[in-house]
Structures are given as structure tokens and as C-alpha cells.
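Chains as they are written, first to last, in this note's numbering: chain U, 652 to 1322; chain D, -17 to 133.
Every residue gets a Cβ at the ideal spot worked out from N, C-alpha and C, and that includes glycine.
What follows is a short report on a single structure.
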């Protein structure tokens, strides 16, 4: 009996055991499924994190590339210290880009925020960290790699190496890190500012007999030959932004006689005429405040505008909304001679956006550049903005009508008056286009706070029109230099510190250029120049006729650069050649020169022997004006000077193409 | 003989019913659990497949030059029926998957709020559904194509 009772218990026990085994099996199966699901989710999350990391990586590289593009001599980098980058071999250390700033800018960038929203929002995924590093271990120097070649100066500033990027992304707790390495080159360049110069004359010596050219009412010279500056094609899709084209700097020495410059726009012949005239303020207030004034003014007259408006356009510079001028005059004085220029009329008052030369806190002087800043985001480089202190804060935007009222007599203050209306529209165009120019948005005063009121100027019209029969001009604007008080914006120099360390080839020169030609003019065409680097001549150099197939820089350390034969850029290659006389003059005997010419040291001058025809730019300490008057000529700004295709000759650092441009091919699927 | 027919040697009806009931409850729960696990696994498998379908498009478009990626790629494809000729080189969609591609272009957009830098970029948004009646059965991923800065 006891045994039978036990059987029932055993059966029950067995059932329980079987059930337990079943439960355990099912639980473990279930657990396994759950675990696999979890693993698969983690894979999906990881993949998603990687996709976001790749997007972040693309953006990071664009940001860094853009940062390099803005490098040059500007030295205003946000994410790294430029000085670290260009240190020579013995001093170069690992360059760490500012990870916190990069992470912040990428995480908060609109594209990434947009992407994060697609993936579920910031509570689900985020970019945790972004890094960019140039490790000193991964850097080599061209001088080491190439070895020492006769005449080739070892240059330990130039280097190449690896830049490592890293983006770390978190997605639902899964963290993924994407790392990319790309090659970077750090090579020589000239100040980027040179790319924009059309004409830069640092000083006009006292006693210089300046241009005595007078013009008739049509803007045509009646005496002498003007220097025509061509700032690129007018109103063309291919032309650069007006902010990027050339500029004119007319020195800091007072002009004693009028100098006339014509700025034209390509073949259309539309442009502006700038005339430097004597000080015209004769009223007692001005005389009192400007007792020793040596300033000259710049008057601007439009010419060549469309026929219907011709007469009045010449008078007031009226253009239709569709005819934005592409040239500009950028004038600025010096602290020692603070008001050398005054802008009258409808001059596009876009002053130099960044110092060509500026003092830095440690007392060093750096040659600066003009960055490509969108008009809407214009900011000066630590320079006081163009604004009337204490007048309006924020400055009140004044319409064009307000400006027109400053100019026209009250009887004309009516929109039925075509001239008044068009002028107002024209000024509105400036305001819309250059609304950072507060001079148009606040009362226009001179540096002593005297309101610039045309009617206060005696013989105003007479002074502005050589014939005295016309009534050119507009409202005097605020002196340019006042806007930059306290900051030296005017000096510009090429000194040995910046130019010579980047020389790749040194050459003493010889009469027939045999050595030079063997290295750089050795193509099928005997006059084809294939430079691609900076070449330094020790003494005088006389350049023969040449065609530029590969641009670069020729620098003369001591002595003059004489251009004896035409220098022409190959229109297919469209390369840029820069000629620098460090301690001598530039003398042009040729008829045509496609180059940027620089001769900036005190006493240096630019001497044209024939009619000028420069396609490039001219930055010179002074100019032989007598010679210029006799010859006249044209300086054409070349848009190709700013093209990215010329990057190797202008940028310090370049990043090599993205090797991750892979293509996915689904071979298996095709089969 | 008395010993052979012991009343306590078998299970009573009540005991059997109770046992079956307990086993039934356990079995139902286990089956339910297994079904759920199976459904979850099926879902995740479908999600992986969906993600792959989506990534196919993203990889494909990212290999195309920036300028050529435009709204002409926008489409909705249904597995087993409609197919966009532009994606003909990609693995074919099967039922019940449905893939939608949307490309949104941004021009001259400030990099960040208040930033001086402006940038052109394109967002590629790909969603793949494997249950047309449920938005929870949707995989949505995107990527970014960045053009140069426009400043």
C-alpha cells in the first residue's frame, strides 16, 4: 500500500520535473530569441549611428577645408592656431583642432539637426565628439623627402602629412566612432590680399606732378592719358561678387593735382570715373578743424550708362535696379594722415574688409587678407563699425529717399520727379545690397562731427566738374579712415619674413637665363613658362617674353625686375604669375603683362615705359606718374586670380581629395 | 487482491482536470510567449531587411556627384510591382516592402543659427515599410550630402 501511494507521488514528481524542463527550455529559447533580437537592434542602431557619423564626417571635412581656404595670411582661424601649422621642422608639434568648438558647431549645425530629427530626435541620437588632429609623427617635410638639390633652397616650412578626423555618435546607447585619415599639404603662398588688388599705390611722393587730366562732360579725357582699371566683366554671370574684385588704393600723400582713374567693366564700357581733386572745404568751420589739411577728395562720376538716362546718369550715377555696378573704389587713409580721402557721389563705399596689414597683440605685424565674407554677414576684423556713436543704437535704417533729400533741393522731393525717384531707388539699392554700410543709415558727418551738407560747400559743383557746367556728385560721406580709427588698415608690405622662407628655388641669374630656362622653360614651346613654385633671384632680373603655362611666383631679392618681353597667360591654363621686387623697381618695357606686380618697399616705384596693359594687378610703393601720364594704359582685374584652380599658388594648406568617394556595385545581384 | 485495487492507486477525475487546466494555462502562456518572440524576431528581421533596402539607396545616391542628386529621385516603390528605373541597379524590393525616397535641397543655409558661414546641402530621406497598415513597421533613415561653403 505504501508502494502504490508512492507511485502517485512519483508520477506527480515526474510531471513536475517534465514541466520544469519544458519551462526551462522554453525560457531559454525565449531568452535566446530576445538576446538575438537585442543584438540585431544593436546592429541596426550601430549602423544608424554610423550613417550619422558619416554625415558628421562630411560636414567636418567641409568645415576644416573651408577653414584652410580662409587661412593664408589672414591668421584668423577658428578651430586651430595657424602659427602652429606653418612652424618649421624643428618647432612643429602636433596640431590639435579645437574639438569642443568643432563638436559644438557640428552638433548644432542645421544639416545635422535635420538628420537627427529623421532618426528620432536628440533624445535618441547625438554627436558626442568630433576631433581633427595633425600628429607630428605623421608629418614629413618636402626638403627631407626631395633631398638637397643645387639651387633649391631646403624649405622646412613646407610639409605634408596626415590629418586624422574622428566623429563619435551615440544612438540609443550604442556608440560608434568613425575615423578617417587624409593627406594634407602645407605649402607656400602669397598674401591672399594680392589676389584682389587691381591697383595699390602705397605712397604718392610730395611734389609729384600728378595727373593733370581733365575730362569733358562725357567723361572723356581732354588732356593726358588716363589709367583705366577694369574690374571684370560688367553684370555678367561669370564675374565675381563686387566684394571680391579689385580695389584701388591711392596712397596717403595728399594729391596736389587731380588724378583721374577710370574704372570700367569689361567690354561694355560701363563704369565709373574717379577724380581726385584738391581739398574743397573752404568754409571757416572746416578750415578751423582741418587747419593743416592736406587731404584730397575723390569724386565719382558715372559714365557709359544706358542711353535713356545718359545725361542724368552722368550727373547722378543713376542705374536701374538690374544694372548693379561690379566695380568699386575702396579708399582708406593712414593714422598719420587721417583724412586723405573723401568720397563723394555714388561711390560704392565698400571699404577694405580686413586689414591688408594689421597689428596683433604681441606686437608682430601680419599681412592680412580679405576673406570672402557674405555681404549680409559683414564684420570688420576688430575694427570699429561704421556707426555714429551715441546717435542711434541700433542704427536706424534710412531709406534712399532720406539720402536723396540730403542731395536734392526741396522742390524736387517728390516721387513724381523722375530724377529724385530714380536716385532714391538707386540709393535703396545700395542700402539693400550693403546694409552693413551704416554711413547710409545714419547721419553723415565728417570726423569732427560736422554734418556733411552739400549746400554748405561753396563752389561745390564747380569743384566737382572741371568744366563747371555740370553738376556732378552727391552727398559727402563720412571719411573712410574714421571708421577704422585705432587700427592700422593701410600698411601693406611684403617682407622677407613672409616671402623668402617659402622660396623653393634660388637663382643668381645670368644673361641668357640658361639655368632658369632649363628648369622652368623647357617645354616644346621655347617661351612656355612652367613654374609651379616660388623662384628667387638674388639680383636684377630681366624677364624675356614668355607664355605662362604654369603659374607661380618670381621674386627678386635685390635689384629691379625689368619686363622686356610680353608676358601672356595661356588662356587654356589660365594660370597666375606674380612678380615681386623686394628691394627694387619694376620697369615695364613690354606692351602686355599678364601678372600681379608687387614692389612695395619705400622708394620703390613702378615705371611703365609704354602704354600699360596689365592683366592682373599692381601693388607698388609709388608710381612714376609722369611716365604714366605720358603712356596711360589699362589694368585689368583677372577673375582667375581668385579661382580655386590656383589654390596651390595661394593657399598655405590644402587637403587632398576625399578618398572615400567609393561606388557601391551590386555584382551579386546582377548575377 | 485487496492490495491490487487500491482506491488511491490512480488519479481522480478532479485531479486530472486540475492537471490539464494547469498544463493548459502554462501551455497557453508559453505559446503566447513563443508567438510574441517569433513576431518580434520576424519584425527585427524585417527591420534589418528594411534598413538594408534604405541603405542601398543611400549608398547609391552618395556615390553620385552632388549636382546630380535631385528631386527626380523622389519616388515610392512597392515590392513586387512598381520600380523606379533610377534604382534599377539596386537589389529588387520584394513584397511586402515599400520604399519611399525624398531628397530635400537646402541652399545658402547658415551652418548654424546665427552663423556667418553658409552652406549648400541635401538631405536624403529614405523610409521603408514592411506593413502598409502600421507606421510602427517603418524604417526611416537619412543621410546628408554636403556641398562647399558658399561664403
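- Beyond the five residues adjoining it in sequence on each side, residue 1160/U comes within less than 8 angstroms, by CB distance, of 1167, 1188, 1189, 1190, 1191 and 1192 in the same chain, given in chain order.
- Note on geometry: alpha-carbon atoms of residue 40/D and residue 824/U lie some 24 angstroms from one another.
- Annotation for residue 1187/U: the continuous beta strand (DSSP E) segment containing it runs 1185 to 1188.
- With respect to residue 770/U, residue 822/U sits close: the two C-beta atoms are nearer than 9 angstroms.
- Contact residues of the segment 663 to 685 of chain U toward chain D are 666, 670, 673, 674, 677, 680, 681, 684 and 685 (C-beta to C-beta distance below 8 angstroms).
- It is roughly 45 angstroms from the alpha-carbon of residue 1260/U to the alpha-carbon of residue 732/U.
- Among the residues facing chain U, residue 55/D is not included, as its CB has no counterpart in that chain under 9 angstroms away.
- Nearest Cα to residue 62/D within the set 79/D, 55/D and 53/D: 79/D.
- By alpha-carbon distance to residue 103/D, the top candidate from 4/D, 50/D, 13/D and -4/D is 50/D.
- Contact with chain U is found for residue 23/D, since one of that chain's Cβ atoms lies less than 9 angstroms from the residue's Cβ.
- Taking 8 angstroms as the cut-off between beta carbons, the residues of the segment 686 to 699 of chain U near chain D are 687, 688, 691, 692, 694, 695, 698 and 699, in sequence order.
- Residue pairing of residue 773/U in beta bridges, as defined by DSSP: absent, with no partner found.
- Closer than 9 angstroms to the CB of residue -1/D there is not a single CB belonging to chain U.
- Looking at the DSSP output, residue 1257/U bridges to 1237/U and 1274/U.
- For residue 734/U, the enclosing alpha helix (DSSP H) starts and ends at 733 to 736.
- Burial is judged here by how many other beta carbons sit within 10 angstroms of a residue's own beta carbon; residue 1232/U has at least 16 and is buried.
- The DSSP-derived three-state label of residue 22/D is helix.
- For residue 755/U, the enclosing alpha helix (DSSP H) starts and ends at 750 to 758.
- Counting only the Cα atoms, residue 791/U lies some 6 angstroms from residue 812/U.
- Here DSSP, grouped into helix, strand and coil, assigns residue 1169/U to helix.
- Apart from sequence neighbours up to five positions away, the residues of its chain that approach residue 748/U with a beta-carbon distance below 6 angstroms are 730, 731 and 783, ordered along the chain.
- Contact annotation, residue 108/D with residue 45/D: C-beta distance approximately 15 angstroms; criterion of less than 8 angstroms not satisfied.
- Secondary structure note for residue 109/D: its beta strand (DSSP E) is the uninterrupted segment 100 to 111.
- Per DSSP, reduced to three states, the secondary structure at residue 79/D is coil, with no helix or strand assignment.
- Any Cβ of chain U closer than 9 angstroms to the Cβ of residue 95/D would place that residue at the interface, and such an atom is present.
- Taking 9 angstroms as the cut-off, the Cβ atoms of residue 703/U and residue 767/U count as close.
- For residue 662/U, the three-state secondary structure derived from DSSP is helix.
- Annotated three-state conformation of residue 1289/U is coil, per DSSP.
- For residue 1203/U, the uninterrupted beta strand (DSSP E) segment begins and ends at 1203 to 1207.
- Apart from the 5 residues on each side of it in sequence, residue 29/D sits with its Cβ closer than 6 angstroms to the Cβ of 121 in its chain, given in chain order.
- The beta carbon of residue 761/U sits closer than 9 angstroms to some beta carbon of chain D.
- Taking 7 angstroms as the cut-off between beta carbons, the residues of the segment 53 to 87 of chain D near chain U are 71, 72 and 73, in sequence order.
- For residue 1263/U, the three-state secondary structure derived from DSSP is strand.
- If you ignore the 5 residues before and after residue 1236/U, its C-beta comes within less than 8 angstroms of the C-beta of 1211, 1212, 1250, 1255, 1256, 1257 and 1258, all in its own chain and listed in chain order.
- The three-state secondary structure of residue 42/D, taken from DSSP, is helix.
- Residues of the same chain with a CB within less than 8 angstroms of the CB of residue -7/D, apart from the 5 flanking positions on each side, are 1 in chain order.
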